[in-house]
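Novice: Handing you this structure, nothing more for now.
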Ligand code: ATP
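Residue numbers (my numbering): 178 to 619.
Dropping the structure here:
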């Protein structure tokens, strides 16, 4: 098998596992789906929430210089004028094939390509297509009621800037963080949850004095690497792309894309941009509200500059799934498992009674399950034989499985703890199990 087929094969396997085990389903499936939309199922929402909670804990709770917000999705349309989103600034170049009618983003095709990569038909000239979803507020659908679904979470941090400084009195440097949905009418969504029309972002606007921007740019590059390490992405799959002059947004003096080796190729996972004072300045001009920061030590009043680290939630999930999907051979059979870092695994542990029809085993296992549940996310499984249960838990990335067997109730009150990655089985006293797992999970 060539490397390429292996990789596309891997993508198919991930998509199929996600469906089979309740991570991600095709959106609106019983109606034939809807244009590359996806729904997170019971396991997917756990993994996603764990990632988001960890991010919040790391970048908001774990720091003294960060304020969190959760702003409205539909904001005053003037915001998108001030930010440049309603103009060509937020449009992608679109081309159509005159023969097969397929549509492409011309900046995703090799330079100067005038022919369709699929059927070799002739392509139209590129037209700019604005990515913002339009909607109307109230019952009358005219231009005065026009509004947009936000295409990024970021602008709210600038619009709420004054409220944050007036209420929380942060000292520069400080950041404002938000996570939530964003919408973009992408020309070519695809590659599973990599590019969709509604997705989630986790973003930070970090406000600094202009003279300090380079120092904080480097600092946030490093923080982003630490985050990727925390969620288990290997550094050899992560690449910096310095976005060159001419390709950066005009206000940005430096932008770095973090690219990741996804199964379908090297693509943008995250980004970090130095946006200078572009946003605050424009919002100050357009709104007429003074957005300058007042430094009571020096008596200066000025517009801070900003570093923007931005993280896509869905691309994080895809990277984590690609990284953790593993196959090995156990007793001559292929075993599939997700080697998820414990910190983000949907379940930390699963509890099984060896036999589902022995009340004594079930009762003891239930007791353990209920007790562990008070402290960690635990799965219960008594369906099929133990081998099947291990396979199920392996596929959803549960790091530890606890089995209650006859020794537990008849002999020494110990249970078996099986490790997903090493397959090692250890006998642990039931009374010490919680401590044992607590240590492991830490
Ligand atoms: P791309 O070049 O892939 O279209 P972008 O440079 O437009 O991405 P940004 O505007 O920098 O992306 O958005 C910040 C982050 O949001 C991206 O790094 C990515 O993780 C995520 N993201 C952007 N667009 C999408 C999308 N359509 N689907 C899923 N995630 C997305």
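Just so you know, even glycine gets a beta-carbon here, dropped at the ideal spot from N, CA and C. No experiment lies behind these values; they were computed from the predicted model shown.
Checking contacts by CB at 7 Å: is residue 358 closer than that to chain D?
Specialist: The structure shown contains no chain D; it holds only a single protein chain.
Novice: Along the chain, which unbroken stretches of the beta strand (DSSP E) at least 3 residues long are found entirely within the stretch 357-386?
Specialist: 375-385
Novice: Do residue 310 and residue 268 count as a contact pair if the criterion is CB distance below 7 Å?
Specialist: For the purposes of this step, residue 268 is taken as the residue at position 91 of the chain shown. For the purposes of this step, residue 310 is taken as the residue at position 133 of the chain shown. At least 7 Å separates the beta-carbon of residue 268 from that of residue 310.
Novice: Could you check where the alpha helix (DSSP H) with residue 460 kicks off and where it finishes?
Specialist: Mapped onto the chain shown, residue 460 falls at position 283. 455-464 is the span of the alpha helix (DSSP H), which, as asked, contains residue 460.
Novice: Give me the DSSP bridge partner(s) of residue 444.
Specialist: Sequence index remark: in the chain shown, residue 444 carries index 267 (1-based). Note: residue 444 sits in a beta bridge opposite 437.
Novice: Use the C-beta contact count for residue 212: other C-beta atoms within 10 angstroms, 16 or more gives buried, fewer gives exposed.
Specialist: Along the chain shown, read from residue 1 onward, the residue named residue 212 stands at position 35. The residue in question, residue 212, is exposed, as its Cβ has fewer than 16 Cβ neighbours within 10 Å.
Novice: Using only alpha-carbon positions, find the residue among 384, 557, 357 and 525 that is nearest to residue 532.
Specialist: Residue numbering aside, residue 532 sits at position 355 when the chain shown is read from its first letter. Per the Cα distances, 557.
Novice: Quick check: the stretch 348-360 against the stretch 384-398, are there 3 or more CB pairs under 8 Å?
Specialist: yes
Novice: Between residue 602 and residue 591, which are expected to be in contact by the criterion C-beta below 8 Å, what is the C-beta distance as a whole number of angstroms?
Specialist: Within the chain shown, numbered from 1, the residue matching residue 602 stands at position 425. Within the chain shown, numbered from 1, the residue matching residue 591 stands at position 414. So it is not a contact: roughly 11 Å between Cβ atoms.
Novice: Is it right to say residue 460 is buried, meaning 16 or more other beta carbons lie within 10 angstroms of its own, or is it exposed?
Specialist: As a working note, residue 460 is residue 283 in the chain shown. By the neighbour-count rule (16 or more Cβ atoms within 10 Å), residue 460 is buried.
Novice: Quick one: what's residue 244 bridged to in DSSP?
Specialist: The residue labelled residue 244 in the question sits at position 67 within the chain shown. According to DSSP, residue 244 bridges with 353.
Novice: Between residue 487 and the ligand ATP, is there a pair consisting of the residue's CB and a ligand heavy atom that are separated by less than 6 Å?
Specialist: For the purposes of this step, residue 487 is taken as the residue at position 310 of the chain shown. In this structure, the ligand ATP has a non-hydrogen atom nearer than 6 Å to the beta-carbon of residue 487.
Novice: Quick one: what does DSSP say residue 578 is sitting in, helix, strand or coil?
Specialist: If you number the chain shown from 1, residue 578 lands on position 401. DSSP places residue 578 in strand when its eight states are reduced to three.
Novice: Comparing the CB of residue 263 with every heavy atom of the ligand ATP, is any distance shorter than 6 Å?
Specialist: The sequence position of residue 263 within the chain shown is 86, counting from 1. Not so, every heavy atom of the ligand ATP lies at least 6 Å from the Cβ.
Novice: Look at residue 373 and residue 355 and say whether their C-beta atoms are less than 7 Å apart.
Specialist: Position 196 of the chain shown, counted from the start, is the residue given in the question as residue 373. Position 178 of the chain shown, counted from the start, is the residue given in the question as residue 355. Against a cut-off of 7 Å, the Cβ pair of residue 355 and residue 373 comes out as no contact.
Novice: Count the other CB atoms within 10 Å of the CB of residue 600; is the residue buried (16 or more) or exposed (fewer)?
Specialist: Locating residue 600 in the chain shown gives position 423, counting from the first residue. Counting Cβ neighbours within 10 Å, residue 600 comes out exposed, since fewer than 16 surround it.
Novice: Compute every distance between the C-beta of residue 378 and the non-hydrogen atoms of the ligand ATP, then say whether any falls below 6 Å.
Specialist: Stepping through the chain shown from its first residue, residue 378 is reached at position 201. Checking the Cβ of residue 378 against the ligand ATP gives yes.
Novice: Please classify residue 222: does DSSP put it in a helix, a strand, or coil?
Specialist: For the purposes of this step, residue 222 is identified with residue 45 of the chain shown, where counting begins at 1. If DSSP states are grouped into helix, strand and coil, residue 222 belongs with the helices.
Novice: Count the CB pairs spanning the stretch 499-514 and the stretch 572-579 that are closer than 8 Å, and state whether there are at least three.
Specialist: With the cut-off at 8 Å, the stretch 499-514 and the stretch 572-579 touch.
Novice: Please go through the same chain and pick out, in chain order, the residues whose beta-carbon is closer than 6 Å to the beta-carbon of residue 314, but skip the five residues on each side of it.
Specialist: Residue mapping note: residue 314 aligns to position 137 of the chain shown, counting from 1. Cβ within range, chain order: 322 and 324.
Novice: Should the stretch 438-450 be called in touch with the stretch 397-415, which here means at least 3 C-beta pairs below 8 Å?
Specialist: yes
Novice: Please identify the residue among 250, 246 and 285 whose C-alpha is closest to the C-alpha of residue 337.
Specialist: Position 160 of the chain shown holds residue 337. The closest CA to that of residue 337, considering only 250, 246 and 285, is found on 246.
Novice: With a 10 Å radius around its C-beta and 16 neighbouring C-beta atoms as the bar for buried, classify residue 438 as buried or exposed.
Specialist: Against the chain shown, residue 438 aligns to sequence position 261. When all chains shown are included, residue 438 counts as buried.
Novice: Relative to the ligand ATP, is the shortest distance from any of its heavy atoms to the C-beta of residue 396 smaller than 6 Å?
Specialist: In the chain shown, the residue the question calls residue 396 occupies position 219. Answer for residue 396: no, Cβ out of range of the ligand ATP.
Novice: Is the stretch 364-372 in contact with the stretch 489-505, if contact means three or more CB pairs nearer than 8 Å?
Specialist: yes
Novice: Taking residue 536 as part of the beta strand (DSSP E), name the residues at either end of that continuous run.
Specialist: Walking along the chain shown from the start, residue 536 turns up at place 359. Unbroken run through residue 536 is the alpha helix (DSSP H), 536-550; no beta strand (DSSP E).
Novice: Write down every uninterrupted run of the alpha helix (DSSP H) in the stretch 291-361 whose length is 4 residues or greater and which is fully enclosed by it, in chain order.
Specialist: 332-336 and 338-345
Novice: Ignoring anything shorter than 3 residues, give me the beta strand (DSSP E) runs that lie fully in the stretch 470-495, in order along the chain.
Specialist: Whole beta strand (DSSP E) segments, 3+ residues: 470-472, 477-479 and 482-489.
Novice: My output table needs one value for residue 180: the three-state DSSP class, helix, strand or coil.
Specialist: Taking the first residue of the chain shown as position 1, residue 180 is located at position 3. Residue placement at residue 180 is flagged as unreliable, the pLDDT there being 49, under the threshold of 50; a coordinate-derived value is accordingly withheld.
Novice: Can you tell me which of the three DSSP states residue 517 falls into?
Specialist: In the chain shown, residue 517 corresponds to position 340, counting from 1. Residue state, collapsed to three classes: coil.
Novice: Find the nearest neighbour of residue 230 within the set 615, 581 and 378, judged by alpha-carbon distance.
Specialist: Locating residue 230 in the chain shown gives position 53, where the first residue counts as 1. Here the closest residue by C-alpha is 378.
Novice: Answer with buried or exposed for residue 604, where buried requires no fewer than 16 other C-beta atoms within 10 angstroms of its C-beta.
Specialist: Along the chain shown, one-based indexing puts residue 604 at 427. Exposed, by the Cβ-count rule.
Novice: How would you label residue 178, buried or exposed, when you count the other beta carbons within 10 angstroms and need 16 or more for buried?
Specialist: As a position in the chain shown, residue 178 is number 1, starting the count at 1. Annotation note: pLDDT 39 at residue 178 (below 50); position unreliable, no value reported.
Novice: Going by DSSP in three states, residue 274 sits in which element: helix, strand or coil?
Specialist: As a working mapping, residue 274 is identified with position 97 in the chain shown. Three-state result, residue 274: strand.
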